[in-house]
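First the structure, in the form of structure tokens, and then the observations on it.
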Amino acid sequence: MAPQVEQQRIPEVAAEADILREQLDYLISHSNGNAQCGCSECRRYGRVRAALLEIFIEPPRSKVQEMAPRLARAA
Ligand SMILES: [Zn+2]
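Everything in the sequence shown is counted per this note's numbering, starting at 5 for the first residue and increasing by one.
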């Protein structure tokens with residue numbers, strides 16, 4: 005039989021993933037049904053959405069331009 009610690013860890017991770025999915029589903033369905041009513045749940049959804057979609061948003065051009073002089077100086 006596996007140690008109890010190992011048995012407990014896996015369900016906890018699965019439970020957290022389930023909670024994350026449930027929360028996301030809940031927030032999506034809330035914001036869809038209410039078209040951003042502006043309550044705290046809508047604001048939570050906005051924060052979560054921004055975090056999850058972060059990688060799909062291209063970095064602002066100003067940041068790239070700021071970095072160019074620094075790179076030139078370092079070279
Ligand atoms: Zn709302």
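Ideal Cβ placement from N, Cα and C applies to all residues, glycine included.
This one's a predicted model, so the numbers in the text were calculated from it and none came from an experiment.
Nearest by alpha-carbon distance to residue 51: which of 31, 37 and 60 is it?
The sequence position of residue 51 within the sequence shown is 47, counting from 1. When only C-alpha atoms are compared, the closest one is 31.
Output the distance between the C-alpha atoms of residue 25 and residue 63, rounded to the nearest integer angstrom.
Here residue 25 corresponds to residue number 21 of the sequence shown, with the count starting at 1. Here residue 63 corresponds to residue number 59 of the sequence shown, with the count starting at 1. Those two C-alpha atoms are separated by around 27 Å.
May I ask whether a heavy atom of ligand 1 can be found less than 7 Å away from the beta carbon of residue 42?
Position 38 of the sequence shown, counted from the first residue, corresponds to residue 42. Residue 42: yes, Cβ under 7 Å from ligand 1.
Would you kindly report the start and end of the unbroken alpha helix (DSSP H) that includes residue 46?
Counted from its first residue, the sequence shown places residue 46 at position 42. The continuous alpha helix (DSSP H) containing residue 46 extends over residues 44–57.
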